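Visitor: Let me begin by handing over the structure; questions about it come next.
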Amino acid sequence: MCTASWLTRDGALHLGFNRDELRTRERALPPEVRDGPGGRWIAPRDGRAGGTWIAATERGAVLALLNRSEGVRPEGAASRGLLIPELLSASGPDALLERLRRRDLTSFAPFRLLALWRGLAAGVVAGWNGAALDVASLDAAAGLLCSSSLGDDRVTASRGAVWRRWRDEPAPWDDARQREFHRDHTPAPSAWSVCMHRDDAESVSFTAVELGPDAVRLAYHDAPPCRPGATHAVHLPFAAAAARG
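Number 1000 in the working numbering belongs to position 143 of the sequence shown; there are no gaps in the numbering.
Listed below in structure tokens is the structure:
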């Protein structure tokens, strides 16, 4: 249950991400810089399984996981957040998809994996339904992905209409307005609003990722986007090759 939006403006790629979870879910840990085989990366840490749902790298890539309402969930499913660290060093869509196709995914519940690369101006979403992998290319300039346990198609129709309305307004569609979009409660705070609220679940956090000309910045707001909360920001310079890209 999540909403991801992205836009490219003035040479920077901006990703906004509302994480929607059950109110009983353990609180996540703030973002930190970590080291891996492909270099350094930034991510918050899931409070239950220790993986992450969103991460950005010093090579100018960002990956984010969304649930998928359709498909079969295996018994004792492994945490999908453990996939992101395995895939962060992929140099582009082809390399990422090759790894996913080689990976045994049968222990994971259905998901959609969003991946964007600033230097390549490329994006892809890989979907797993519990039995097969499907792939779609994305417009890296701007886009929206939504998920809900009540139905991905229905929530995408509702939030997509709000997203288009925000983009059609005379004010420029920039990262500041993107953050405002992620606080939106149209037509009222509910299971269908961008900033989601229902009896058993809500948008528990908002993450803003900026892949700029020479660095990545990840800011994590540890509360629903519409409410005050602690914000933790981490800045990581790009590796030399990524900065040149």
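Backbone N, C-alpha and C define an ideal beta-carbon position, used for all residues, glycine too.
As the structure is a prediction and not an experimental result, all values here were calculated from the model.
Would you mind reading off the limits of the beta strand (DSSP E) that contains S1006?
Guide: Locating residue 1006 in the sequence shown gives position 149, where the first residue counts as 1. From DSSP, S1006 is part of no beta strand (DSSP E); its letter is neither H nor E.
Visitor: Please classify C859: does DSSP put it in a helix, a strand, or coil?
Guide: Here residue 859 is taken as the residue at index 2 of the sequence shown, counted from 1. If DSSP states are grouped into helix, strand and coil, C859 belongs with the strands.
Visitor: With a floor of 4 residues, list each alpha helix (DSSP H) that falls wholly inside the region 1028-1078, ordered by position along the chain.
Guide: You should have 1032-1038.
Visitor: Under DSSP, the beta strand (DSSP E) around D877 begins and ends at which residues?
Guide: Locating residue 877 in the sequence shown gives position 20, where the first residue counts as 1. From DSSP, the beta strand (DSSP E) with D877 extends over A869 to L879.
Visitor: Going by DSSP in three states, A885 sits in which element: helix, strand or coil?
Guide: The count along the sequence shown starts at 1 and reaches residue 885 at position 28. Residue state, collapsed to three classes: coil.
Visitor: Ordered along the chain, which non-local residues of its own chain (more than five positions away) have a Cβ less than 6 Å from that of F1038?
Guide: One-based indexing of the sequence shown puts residue 1038 at position 181. Answer for F1038: W1023, listed in chain order.
Visitor: So for W910, helix, strand or coil by DSSP?
Guide: Here residue 910 corresponds to residue number 53 of the sequence shown, with the count starting at 1. Coil, per DSSP.
Visitor: Taking the C-alpha atoms as reference points, what is the distance between V974 and A1018?
Guide: Residue mapping note: residue 974 aligns to position 117 of the sequence shown, counting from 1. Residue mapping note: residue 1018 aligns to position 161 of the sequence shown, counting from 1. In the sequence as presented, Val is not what sits at residue 974; that position holds Trp. When rounded, the distance between both Cα atoms is 26 Å.
Visitor: Find the nearest neighbour of D996 within the set G938, P1044, L864 and R905, judged by alpha-carbon distance.
Guide: On the sequence shown, position 139 is the one that residue 996 refers to. Ranking G938, P1044, L864 and R905 by Cα distance to D996 puts L864 first.
Visitor: Closer than 7 Å by C-beta to A1058: which residues in its own chain qualify, once you throw out the five before and the five after it? Chain order, please.
Guide: Taking the first residue of the sequence shown as 1, we reach residue 1058 at position 201. Around A1058: M858, D877, E878, L879 and R880.
Visitor: Contact between the region 1071-1084 and the region 981-1000: three or more CB pairs below 8 Å?
Guide: As far as the Cβ criterion goes, the region 1071-1084 does not touch the region 981-1000, which means the pair count is below three.
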